[in-house]
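K.L.:
Residue numbers (the working numbering), protein chains in the order written: chain C, 1 to 225; chain E, 226 to 506. Every residue gets a Cβ at the ideal spot worked out from N, C-alpha and C, and that includes glycine.
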Amino acid sequence: MKLHPYTPFLLVLATGLLAFLLPAPAGPAALYAVVAAAAVVTGMTRTVLAAALLTLPLWAFLLLLHAILPGGEGLAAAIAQGSRLGAVATASLMLIRGFEPSRFLDAASARGASLSAAYLVVSTLEAAPRLRRQAAAILEAQRARGLRIGGSAAGRLRALVPLTLPLVLGTLAEVDDRAMALEVRGFGGGQARTPLDPPSVTARDRMLRWAALLAVMASAAWRFL
Amino acid sequence: MSAVELEEVTFRYAGVDAPALAGVSLTVPEGTICWLYGSPGAGASTLLLAAAGLAPRFTGGSITGRVRLLGADPHAAEGRAALRGRVAYIGAVPDLQLSGVAGTVWEEVAFGPANLRWPVERIRAAVEDAAGRLGIEHLLGRRPSALSGGEKQRVVFASLLAFAPSVWLLDEADSALDAEGRAVVASLIGAERERGAAIVVAAEDADAMLAAADRVVLLDRGAMVFDGPPRELLGRELAWERGPGGTSIASLGRAALARCGSVRLAEPYPLDVREAVARWR
Chain C
1 MKLHPYTPFL LVLATGLLAF LLPAPAGPAA LYAVVAAAAV VTGMTRTVLA AALLTLPLWA
61 FLLLLHAILP GGEGLAAAIA QGSRLGAVAT ASLMLIRGFE PSRFLDAASA RGASLSAAYL
121 VVSTLEAAPR LRRQAAAILE AQRARGLRIG GSAAGRLRAL VPLTLPLVLG TLAEVDDRAM
181 ALEVRGFGGG QARTPLDPPS VTARDRMLRW AALLAVMASA AWRFL
Chain E
226 MSAVELEEVT FRYAGVDAPA LAGVSLTVPE GTICWLYGSP GAGASTLLLA AAGLAPRFTG
286 GSITGRVRLL GADPHAAEGR AALRGRVAYI GAVPDLQLSG VAGTVWEEVA FGPANLRWPV
346 ERIRAAVEDA AGRLGIEHLL GRRPSALSGG EKQRVVFASL LAFAPSVWLL DEADSALDAE
406 GRAVVASLIG AERERGAAIV VAAEDADAML AAADRVVLLD RGAMVFDGPP RELLGRELAW
466 ERGPGGTSIA SLGRAALARC GSVRLAEPYP LDVREAVARW R
């Protein structure tokens, strides 16, 4: 049974708040462990590894800054900050990987939310895979024309220009084309649409939302009272 | 009332002196296939964008003259509201015609009718009908982004067919299709004409359009230089002088004339094999 599309957004928001409200370094480290465990339990082990890889340079920088170089705040500070980043990165990647645009639009339609705003969220979250596909196509096309990607660092840097320029220009041009396609299909104009299969808020959704809310409120109370 | 009316329409892209359309007047009645023909840059694509009310809003530039679709002005907000779901525009690149929000082909085809607030049961029926007519029933559960170019193009046609538009504006819309896909789309367009839809097609394939179109409009540097039945243009020198040429058989006859100079080969050139056999036997 899938979660309601709004629930993961609330959980990511709660993760972000808890990462800074919980007492450091144990709080953020425990939060990171809980988020990573949730990812593993829901079959997203690769997401945990991807997030870890993504934050690896930051971990190295934080350890260098706080634990190795003189004047740092110590190992605890490095662990606290690294765990915050790790927890938020893992939760965000889980959201992106599990995101289903059509279900989100259906949820927005069913609630009478602004479709333009909903489409903005969808296109933002869908941008990464779309850009990856376009980049791969451009890479193939440029290779076919003799572009060499390997070699020295300077050579790799030079190869970035014929890869990124078409990607950026193509993306900009695509915005208008996509807007035209949406208008032709009757999207927008401030009007509501029929939800094709409106997702329901299940007992699990409610439990997770309440748990997240209570955790944030308790952490805030502990922190500020 | 004509479904498509353009009166003295002139369009200029920003930063370009020469007009992309120069005083074009055109009316297309319901139940007609009008073929826009011309060399690259002749203005066929711009004419379709202007007729759809998409240029200059999405392309930049400026337009003068009068445009009406089904009696409404597609360049005014009220006109666009009145035309919502009644006009289908399809371009050459299927990737850019997809909504980008559908997880399956079924959702993609249902996207337009859902935006028009149709009841779910009516949407289901429309999706099934459109998918059946485009031969994509087996794709309904697939991700649109994972399809081939030809499959995507069929999905795009089905997505617009689902809300039964009164006007089709097609800009090289079958360019990604294979021979079988083109035959399916040609049959669909014929059926839409029978239903009473007005169809304006920009296409390069003179052989296919000779049989399909009721009328051809030849454009050259933004101006209309011919408007009439395809048979009256495609075997004449005008098709080469001001356009990309005639049918492949007419091109053969023209090449033979240039080589032999025989009076029997003089224009109008035969347009198809049957005519060539009858004339040259």
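Does the distance from the CB of A383(E) to the CB of S102(C) come in under 8 Å?
P.N.:
no
K.L.:
Could you spell out where the beta strand (DSSP E) holding L208(C) opens and where it closes?
P.N.:
It is not in any beta strand (DSSP E) - L208(C) instead sits in the alpha helix (DSSP H) that spans A203 to F224.
K.L.:
Beta-carbon separation of A78(C) and A67(C) under 8 Å?
P.N.:
Yes; because the gap between Cβ atoms is below 8 Å, this pair is in contact.
K.L.:
For A144(C), which residues in chain E fall below 8 Å Cβ to Cβ?
P.N.:
Ordered by position in chain E, no residue passes the 8 Å Cβ test against A144(C), which lies about 17 Å from the chain.
K.L.:
Given that L196(C) touches chain E, what residues does it touch there, using C-beta distances under 8 Å?
P.N.:
Correct list: E332, A335, A339, V345 and I348.
K.L.:
So, F236(E) versus L251(E), is the Cβ gap smaller than 8 Å?
P.N.:
no
K.L.:
Give me the Cα-Cα distance between A339(E) and Q322(E), rounded to the nearest whole angstrom.
P.N.:
17 Å
K.L.:
Would the beta-carbon of L295(E) fall within 8 Å of that of A228(E)?
P.N.:
In contact: L295(E) and A228(E) (Cβ atoms closer than 8 Å).
K.L.:
Hey, is the stretch 284-300 of chain E in contact with the stretch 149-156 of chain C, meaning 3+ C-beta pairs nearer than 8 Å?
P.N.:
no
K.L.:
Jot down the residue ranges of each uninterrupted beta strand (DSSP E) in the stretch 385-466 of chain E, minimum 3 residues, whole runs only, in chain order.
P.N.:
392-396, 423-427, 440-445 and 448-453
K.L.:
Are the CB atoms of C259(E) and I361(E) within a distance shorter than 8 Å?
P.N.:
No, these two residues do not count as a Cβ contact at 8 Å.
K.L.:
Beta carbon of R84(C), beta carbon of F9(C): below 8 Å?
P.N.:
no
K.L.:
Out of E419(E), D242(E), L496(E) and P299(E), which one is the CA nearest neighbour of A431(E)?
P.N.:
L496(E)
K.L.:
May I have the straight-line CA-CA distance separating R479(E) from L490(E), to the nearest angstrom?
P.N.:
7 Å
K.L.:
From T45(C) to R206(C), what does the alpha carbon distance come to, in whole angstroms?
P.N.:
25 Å
K.L.:
Quick check: is the beta carbon of S200(C) nearer than 8 Å to any beta carbon in chain D?
P.N.:
Here chain D cannot be found, since the structure's protein chains are C and E.
K.L.:
For the beta strand (DSSP E) that V292(E) lies in, which residues bound it at each end?
P.N.:
S287 to L294
K.L.:
So, does the CB of R309(E) fall closer than 8 Å to a CB anywhere in chain C?
P.N.:
Yes, R309(E) counts as interfacial toward chain C.
K.L.:
Using the rule of at least 16 other Cβ atoms within 10 Å of the residue's Cβ for burial, across every protein chain shown, is T124(C) buried or exposed?
P.N.:
exposed
K.L.:
Mind checking if Q378(E) is an interface residue toward chain C, Cβ cutoff 8 Å exclusive?
P.N.:
no
K.L.:
How many Å lie between T472(E) and L49(C) at the Cα?
P.N.:
60 Å
K.L.:
Take the Cβ of R420(E) as the centre, count every other Cβ of all protein chains shown within 10 Å, and call the residue buried at 16 or more, exposed below.
P.N.:
exposed
K.L.:
Expressed to the nearest angstrom, what Euclidean distance is found between the alpha-carbon atoms of V34(C) and L115(C)?
P.N.:
34 Å
K.L.:
Checking 8 Å against the spacing of the C-beta atoms, do A87(C) and T42(C) come in under that value?
P.N.:
no
K.L.:
Locate the beta strand (DSSP E) running through R484(E), then write down its first and last residues.
P.N.:
Counting along the chain, R484(E) falls outside any beta strand (DSSP E), though it belongs to the alpha helix (DSSP H) covering S473 to C485.
K.L.:
What in chain E is Cβ-close to F230(C), meaning under 7 Å?
P.N.:
No answer is possible for residue 230(C): the residues shown for chain C start at 1 and end at 225.
K.L.:
Which residues of the stretch 96-110 of chain C have a Cβ closer than 7 Å to any Cβ of chain E? Give them in chain order.
P.N.:
Listed in sequence order: E100, P101, S102 and L105.
K.L.:
I'd like to know whether the C-beta of Y314(E) is nearer than 8 Å to at least one C-beta of chain C.
P.N.:
A Cβ of chain C is located within less than 8 Å of the beta carbon of Y314(E).
K.L.:
Give me the chain C residues within the contact set of A516(E), using Cβ-Cβ distance strictly less than 8 Å, ordered along the chain.
P.N.:
There is simply no residue 516(E) to check, as chain E begins at 226 and stops at 506 in what is shown.
K.L.:
Would you mind stating whether L11(C) and A107(C) have Cβ atoms separated by less than 8 Å?
P.N.:
no
K.L.:
Distance cutoff 8 Å, beta carbons only. Does M180(C) sit that close to anything in chain E?
P.N.:
yes
K.L.:
If distances are taken between C-alpha atoms only, which option among A438(E), A351(E) and A503(E) comes closest to T257(E)?
P.N.:
Checking every option, the nearest Cα to that of T257(E) belongs to A438(E).
K.L.:
Contact check, A208(C) vs T47(C) under 8 Å by CB: the rounded distance?
P.N.:
A small correction: the amino acid at residue 208(C) is Leu; Ala does not occupy that position in the sequence shown. About 18 Å; that fails the 8 Å criterion.
K.L.:
Count Cβ pairs between the stretch 334-351 of chain E and the stretch 385-397 of chain E that sit closer than 8 Å; are there 3 or more?
P.N.:
yes
K.L.:
What distance in whole Å lies between the Cβ atoms of V441(E) and M449(E), which are believed to be in contact at a cut-off of 8 Å?
P.N.:
Not confirmed; about 11 Å, so no contact.
K.L.:
Cβ closer than 8 Å: which chain E residues qualify as neighbours of Y119(C)?
P.N.:
Chain E residues near Y119(C): V326.
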